[in-house]
Each structure stands twice: as structure tokens, then as C-alpha cells.
Amino acid sequence: MAPSLPTSGIRTPYIRNALALLLVAAVLASAFLTTAAIAQTEAEATTPPTAPPSGEPRFYGGAHLLFSNSNVSGTEEYDPRMGLGGGVYVGGSAWKSFDLRLEANYVQKGANLSVGNWTIEWQMDYLEIPLLLVYNVMPRSETSFEMCAGVAYGFSVQEQVEEGSNLGYDLEAVIDEFIPLEQTGRTGLVINSVETTDLSFLLGAGLSVPVGAVNLCFDVRYTVGLTDPVVDATFQQLVGEDDDVTVVSTHEAFSNKTFCFFVGFEFPFGVRNASSQE
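When you read off a place in the sequence shown, starting at 1, and then add 376, the result is the number in the working numbering.
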């Protein structure tokens with residue numbers, strides 16, 4: 377007997393959750409900026425007037441666009457999914473040439489798979505909150521080259537699988553249901569489980585160039601998912617006819633991995649004192 381087709385779960389939006397998470401990120405960013413401003417005021421009050429500024433920002437904020445090339449760590453031969461996103465961030469000096477940076481980014485992840493006459497696209501989109509340790513390789517130069525490492529916690533904005541050019545199926549809504557991947561309905565996909573959050577580790581490098589009152593910033597990062605698997609699924613194919621039908625199953629489970637390129641601008645809120653470089 378052939379599996380039944382899903383009756384629900386077609387592209388369920390998460391707009392309410394996304395807005396709530398953006399509000400949380402905005403509150404966190406505001407709290408960080410307030411703390412940074414207070415710390416800066418106290419530091420300036422206790423700094424001897426003879427200490428000249430080095431010109432490097434002590435506290436800063438910014439915004440950026442990101443272009444993602446993502447894939448997954450599954451057993452199948454996947455093609456990358458290209459994505460577009462963006463975000464905002466705040467940062468401040470931690471110790472000598474090290475900064476801490478808190479971000480809120482919208483990132484599109486996933487991958488494409490083509491087998492025979494059918495194709496699917498895993499569409500895994502997140503609101504990510506990265507916390508980064510940033511090292512400035514050229515602390516006394518106006519143009520700075522930075523290296524960063526950190527962790528990011530992603531909240532699901534959209535997790536779906538899109539079959540061909542049809543609307544996608546929301547993964548949570550179609551768990552344990554058969555999603556047909558071709559018109560005959562003899563090949564399909566069953567979602568066993570899906571995680572709604574994604575913890576990841578990232579490494580990156582960036583360049584910050586002063587342009588007038590702001591800095592023009594370029595960054596490249598590689599992110600590997602620590603939530604494994606983020607999706608657990610089974611590909612099924614019906615073999616045989618009528619009452620003599622056998623289901624051939626292939627298990628698939630994967631985590632995310634993403635390469636991102638960022639371009640944006642940065643507003644410095646203050647400067648480091650030369651004494652802080654010693």
C-alpha cells in the first residue's frame with residue numbers, strides 16, 4: 377500500500393517568532409551599548425589628559441549585508457544553496473588588541489539535491505546571534521585587518537524542503553508524512569525529526585577601511601554546525617506493482633555548513649587611549 381500524501385504543512389511562515397527574536401536582539405544590543413557608553417565615560421574620566429588617542433575605535437556599531445554559500449554534511453552529493461541576508465552588530469575593546477562583538481544576522485542556509493527527474497532544496501533560514509572574539513592584527517593603523525572566532529546560536533525563521541518548483545513543505549508540520557518527489561508518487565521523502573535551533577562555530581577574517589566618518593568593512597567567515605543532525609530524514613522509493621510493493625529506504629541526516637561574505641559599514645563611538653595599548 378502506497379504511503380499517504382501530506383495534507384498540511386505547506387510553507388508555514390514564522391513571522392511572529394522572527395519579530396519577537398529581532399526584538400530580543402535589539403534589547404540585547406541596547407543593553408550592550410549602554411554598558412559600553414558607561415564604561416567609556418568612566419575610562420575617560422580616569423585617563424590622564426596627557427595620554428594621546430591612538431585613533432582606533434573603542435566602541436562601535438554597524439550593519440552589513442551578507443552573501444552565503446551553504447551546504448550540508450549529509451551522505452548525498454549536494455549542491456550549494458546561494459543566499460542573501462544581513463544584520464547589525466555592536467562591539468567594544470576587551471583587552472589590548474582584542475574586541476568582543478555581538479551580532480544579530482539573518483542567514484539563509486541549506487543545499488540542493490538532484491537525482492534523476494526530481495530535485496529538492498533544503499531551505500534552512502535562521503536569525504543567528506554570534507558572539508565573537510576579534511583580534512586586530514594592526515591595532516595602530518587606521519586600516520585594520522582582523523581575525524575572529526566565536527559561536528553563534530540560530531533561531532529558526534524557516535525550515536522547509538522545496539520539491540522542484542512547487543511550494544515548500546514546512547518540516548515540523550510534515551514529520552512522519554510522505555512527501556512525493558515525482559508525479560508518480562513512487563519516490564518520496566519522510567522527515568523523521570528537525571531541530572528548531574542551530575548552534576555553530578565560526579572562524580573568519582576581515583578588513584576595515586576608514587571612509588569619512590565611517591569604516592567600510594569586508595569580512596569572510598566559515599561556519600560549521602554543531603547541532604548534528606539538524607534534520608533527520610528518510611528517502612523512500614516504491615519498488616514493485618499492486619500488492620507486491622516493497623519500500624526501499626535510504627536514511628539521511630545532516631548538519632549545516634556555510635561560507636559567508638560580508639560587506640557593510642561601521643560607526644565608531646569613541647577612541648582607545650594610548651595607555652590601553654600598553
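Built from N, CA and C at the ideal position, the CB exists for glycine as well.
Helix, strand or coil at residue i according to DSSP, with G and I counted as helix
i, result
"Leu409", "Here the model assigns Leu409 a pLDDT of 49, short of 50, so the residue's position is not dependable, and the following value carries that caveat. Note: Leu409 maps to helix in three-state DSSP."
"Val550", "helix"
"Ala589", "coil"
"Asp604", "coil"
"Leu575", "strand"
"Ser339", "A question about residue 339 goes unanswered here, because the residues of the chain that appear run from 377 up to 654."
"Ser449", "coil"
"Thr599", "strand"
"Asp619", "coil"
"Ile414", "For Ile414, the predicted structure reports a pLDDT of 45, less than 50, and the residue's modelled location is therefore unreliable. The matter cannot be settled from this model."
"Ser473", "coil"
"Gly544", "strand"
"Gly459", "strand"
"Val403", "Interpretation of Val403 is limited by its pLDDT of 46, a score under 50 that renders its predicted location unreliable; the figure taken from the coordinates is listed afterwards. Residue state, collapsed to three classes: helix."
"Gln559", "coil"
"Phe645", "coil"
"Tyr465", "strand"
"Ser569", "strand"
"Tyr454", "coil"
"Ser631", "coil"
"Phe638", "strand"
8 Å Cβ shell around residue i - same chain, five flanking residues per side excluded
i, result
"Gln499", "Arg457, Gln484, Gly486, Gln534, Glu535, Gln536, Val537, Glu538, Gly544"
"Asn512", "Glu432, Ser473, Phe474, Asp475, Ser520, Phe521, Glu522"
"Gly450", "Ala487, Glu628, Ala629, Phe630"
"Asn493", "Glu558"
Contacts around residue i, its chain only, beta-carbon distance under 6 Å, and the 5 residues preceding and following it disregarded
i, result
"Asp455", "Asn488"
"Val510", "Asp475, Arg477, Glu522, Cys524"
"Tyr598", "Leu579, Phe635"
"Thr572", "Ser532"
"Gly467", "Tyr436, Asp475, Arg477"
"Pro506", "Glu479, Gly526, Ala528"
"Ile567", "Leu547, Val550, Ile551, Ala609"
"Ala439", "Val464, Gly640"
"Asn447", "Tyr454, Pro456, Ala487, Lys633"
"Ser625", "Thr610, Gln612"
"Arg562", "Leu614"
Cβ-Cβ separation, residue j to residue i (assumed contact under 8 Å), whole Å
i, j, result
"Phe641", "Leu602", "Actually they do not touch by this definition, with Cβ atoms about 31 Å apart."
"Phe594", "Phe635", "Not really, about 14 Å apart at Cβ, beyond 8 Å."
"Leu442", "Asn481", "6 Å"
"Gly540", "Thr495", "6 Å"
"Asp574", "Tyr502", "6 Å"
Close Cβ partners of residue i (< 7 Å) along its chain, the five nearest in sequence each way excluded
i, result
"Val600", "Ser576, Phe577, Lys633"
"Pro605", "Ala629, Phe630, Ser631"
"Arg392", "With a pLDDT of only 42 at Arg392, under the threshold of 50, the placement of this residue in the model should not be trusted, and no figure is reported."
"Met514", "Ser520, Phe521"
"Gly461", "Leu442, Ser444, Asn481, Tyr482, Val483, Gln484"
"Val585", "Thr519, Asn591, Leu592"
"Val623", "Gln612, Leu614"
C-beta neighbour in chain C for residue i, strict 8 Å
i, result
"Asn447", "Among the protein chains of the structure shown there is no chain C, as only one such chain exists."
Beta strand (DSSP E) runs contained entirely in the stretch 484-532, provided each spans 3 or more residues: 494-512
Does the stretch 610-623 come into contact with the stretch 584-593, if we say contact requires no fewer than three beta-carbon pairs (one atom in each stretch) closer than 8 Å? no
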